[in-house]
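Asker: Before I ask anything, here is the structure I am working with.
Chains as they are written, first to last, in this note's numbering: chain B, 1 to 163; chain W, 1001 to 1101.
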């Protein structure tokens, strides 16, 4: 049963990401992106990453996706109903991307990753992440807070009318 | 679901679709969506290697920081996109060759 659910989520991610990449309607692409984000949260659960799954839903679906929808609504004339988007150089892009995926898969799949058959079962990742965040990763954590403050001020300044 | 390769293939597909979105779309918001796909692909890899190979939580920490960076990046990029729209009435990046006109 769990195996079946895993492959359903796997297919959901690939299908919705394909709609993001190939769809003609920008609004459809954004909603497909929500499917991708939720599917990735499901994949996190299969990887025993409970904290990351919740973070994924809160930050991506609740934050970034809403920002993207605002971006679309503020930069298109909604009265035209169909918000179409066009692509350039589809053939060349497809060739490059197929080459990239071929290189990645031939490099990654034959390699025998050490311990890849013996997965570790995390029981509670929140405690571990919290401990690491305030010991080994404390500097990074503080830099991240400054970066977020800078991004907040920068975005607010950039979005003002009189720049 | 109990083998690393299924996650690696998923991540590679997600990365490729994101890369295709970035290189072919003209709309700046659509390109941002492609960037988010690429970041999600990287996150899946970090967490999968954390579970199957390194057996510790370092990969999870990297994913937390990537999600944080993605949020900051989306906010600043959308502010720039709004300015671009106010300046020239569209957000097609292939025609945006000057900061102000």
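From the three backbone atoms N, C-alpha and C, an ideal C-beta is built for every residue, glycine too.
Please report the distance separating the alpha-carbon of residue 10 of chain B from that of residue 37 of chain B.
Answerer: Approximately 12 Å, taken between the alpha carbons.
Asker: Taking residue 59 of chain B as the reference, give the member of W:1072, W:1059, W:1056 and W:1100 with the closest Cα.
Answerer: Residue W:1072 is the option with its Cα nearest to residue 59 of chain B.
Asker: Could you check if residue 153 of chain B is buried or exposed, using at least 16 other CB atoms within 10 Å of its CB as the buried criterion?
Answerer: That one is exposed.
Asker: Taking 7 Å as the CB-CB cut-off, is residue 1047 of chain W touching chain B?
Answerer: Answer yes: the Cβ-Cβ gap between residue 1047 of chain W and chain B drops below 7 Å somewhere.
Asker: Do the CB positions of residue 1059 of chain W and residue 1046 of chain W come within less than 7 Å of each other?
Answerer: Yes, the Cβ-Cβ distance between residue 1059 of chain W and residue 1046 of chain W is below 7 Å.
Asker: Taking Cβ positions, are residue 68 of chain B and residue 35 of chain B nearer each other than 7 Å?
Answerer: For residue 68 of chain B and residue 35 of chain B, no; Cβs fall outside 7 Å.
Asker: Determine the DSSP secondary structure at residue 1025 of chain W, reduced to helix, strand or coil.
Answerer: Here residue 1025 of chain W sits in strand by DSSP.
Asker: Of the residues B:61, B:49, B:24 and B:47, which one's Cα is nearest the Cα of residue 1037 of chain W?
Answerer: Of the candidates B:61, B:49, B:24 and B:47, the one whose C-alpha sits nearest the C-alpha of residue 1037 of chain W is B:61.
Asker: Using CA coordinates, which residue listed in W:1017, W:1098, W:1100 and W:1091 is at the minimum distance from residue 73 of chain B?
Answerer: Selected option, being the one with the closest Cα: W:1091.
Asker: For a cutoff of 7 Å on Cβ pairs, would you count residue 1017 of chain W as touching chain B?
Answerer: Yes, because at least one Cβ of chain B sits closer than 7 Å to the Cβ of residue 1017 of chain W.
Asker: What whole-angstrom Cβ distance do residue 1044 of chain W and residue 1010 of chain W have, given they're in contact under 8 Å?
Answerer: About 6 Å separates the two Cβ atoms, so the contact holds.
Asker: Which residues, in chain order, does the region 1069-1086 of chain W contribute to contact with chain B at a C-beta distance below 9 Å?
Answerer: Against chain B - using a Cβ distance shorter than 9 Å - the residues of the region 1069-1086 of chain W are 1069, 1070, 1071, 1072, 1073, 1074, 1075, 1076, 1077, 1078, 1079, 1080, 1081, 1082, 1083, 1084, 1085 and 1086.
Asker: Just the chain B side, please: which residues come within less than 7 Å of residue 1044 of chain W by C-beta, in chain order?
Answerer: The answer, in chain order, is 40 and 43.
Asker: So, with DSSP's three-state summary, where would you put residue 86 of chain B?
Answerer: Looking at residue 86 of chain B - three-state DSSP - the assignment turns out to be coil, as it is neither helix nor strand.
Asker: By DSSP, does residue 1097 of chain W sit in helix, in strand, or in coil?
Answerer: The answer is coil: DSSP assigns residue 1097 of chain W none of H, G, I, E or B.
Asker: Would you give the residue range spanned by the alpha helix (DSSP H) that residue 5 of chain B belongs to?
Answerer: That run of the alpha helix (DSSP H) goes 2-22.
Asker: So what does DSSP say about residue 1040 of chain W, is it helix, strand or coil?
Answerer: Note: residue 1040 of chain W maps to helix in three-state DSSP.
Asker: Any Cβ of chain W within less than 7 Å of the Cβ of residue 129 of chain B?
Answerer: Yes, residue 129 of chain B lies at the interface with chain W (some Cβ there is under 7 Å from its Cβ).
Asker: What does the alpha-carbon distance come out to for the pair residue 2 of chain B and residue 155 of chain B?
Answerer: Taking the straight line from one Cα to the other gives about 43 Å.
Asker: Can you tell me whether DSSP reads residue 1086 of chain W as helix, strand or coil?
Answerer: Correct three-state label for residue 1086 of chain W: helix.
Asker: Would you mind telling me which residues of chain B sit closer than 8 Å to residue 1026 of chain W, beta carbon to beta carbon, in chain order?
Answerer: Those are 85, 86, 87 and 88, listed as they occur along chain B.
Asker: What is the rounded straight-line gap between the Cα of residue 113 of chain B and the Cα of residue 89 of chain B?
Answerer: If I take the Cα positions, the gap works out to 37 Å.
Asker: On the DSSP bridge assignment, give the partners of residue 1045 of chain W in chain order.
Answerer: Note: residue 1045 of chain W sits in no beta bridge, so no partner.
Asker: Applying the criterion that 16 or more other CB atoms from any shown protein chain within 10 Å of the CB defines a buried residue, is residue 56 of chain B buried or exposed?
Answerer: When all chains shown are included, residue 56 of chain B counts as buried.
Asker: Name, going along the chain, the residues of the region 46-60 of chain B whose beta-carbon falls closer than 9 Å to a beta-carbon of chain W.
Answerer: The residues in question are 46, 47, 48, 49, 51, 52, 55, 56, 59 and 60.
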